[in-house]
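The sequence shown: position 104 = 179 (the numbering used here), numbered continuously. Glycine included, every Cβ here is placed at the ideal spot set by N, Cα and C. None of the values given here were measured: they were computed from a predicted structure.
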Amino acid sequence: MSGGHAESLIKNIIGDIVRECAVRGHAVSETLVAFMVKAVVLDPRNGFNVDRILTKQDVQKLEELCLDKLMEKCSPSLDTIKVQVYFDLIDFIPNQTQVRLITQVTTMRAITMEGNTQRKEWTHETLKTTTK
């Protein structure tokens, strides 16, 4: 199987799982699903051979196993994967972007707080003039 074909197959599997989760009422990110697919394939208990081309039955089995794991309630292993995805995404964001995001959030808070203060003062002044 060529690298392009394998990548396309994996993207299709991830897309199918994301859509099926949505149908079942669970919104999941492609990143979370990709981590789950990798975890399921690499778990020797699931019987996948990474050196062999996936058959249609393998793809069905992989999707079913991933869906079952993603739908679990109160699952420490799913929570662990979610935390791993979160921290991997944090590491992925370049430091400069993090600084820019923090600055933007701080600025937005300042503007919002300033706007609220001005609104209160304006309302207070309006009350003074309308009650005189």
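One question on the structure: do residue i and residue j come within less than 8 Å of each other, judged by their Cβ atoms?
| i | j | result |
| --- | --- | --- |
| V93 | V108 | yes |
| L145 | H101 | yes |
| I128 | V112 | no |
| N124 | L140 | no |
| A114 | I156 | yes |
Closest to residue i by C-alpha separation, out of the options, would be which residue?
| i | options | result |
| --- | --- | --- |
| T71 | T182, Q159 and T178 | For the chain, the structure presents residues 76 to 207; residue 71 sits outside this window and is missing. |
| K86 | F110, R99 and L153 | F110 |
| R99 | L129, D143 and I88 | D143 |
| E138 | Q179, L84 and H80 | L84 |
Secondary structure at residue i, three-state DSSP: helix, strand or coil?
| i | result |
| --- | --- |
| K157 | helix |
| R148 | First, the residue type needs correcting, since residue 148 is Lys and not Arg in the sequence shown. Coil. |
| T192 | With a pLDDT of only 49 at T192, under the threshold of 50, the placement of this residue in the model should not be trusted; the figure read from the coordinates follows. Looking at T192 - three-state DSSP - the assignment turns out to be helix. |
I'd like the ranges of any alpha helix (DSSP H) spanning at least 4 consecutive residues and lying wholly in the region 76-135. 78-98 and 105-117
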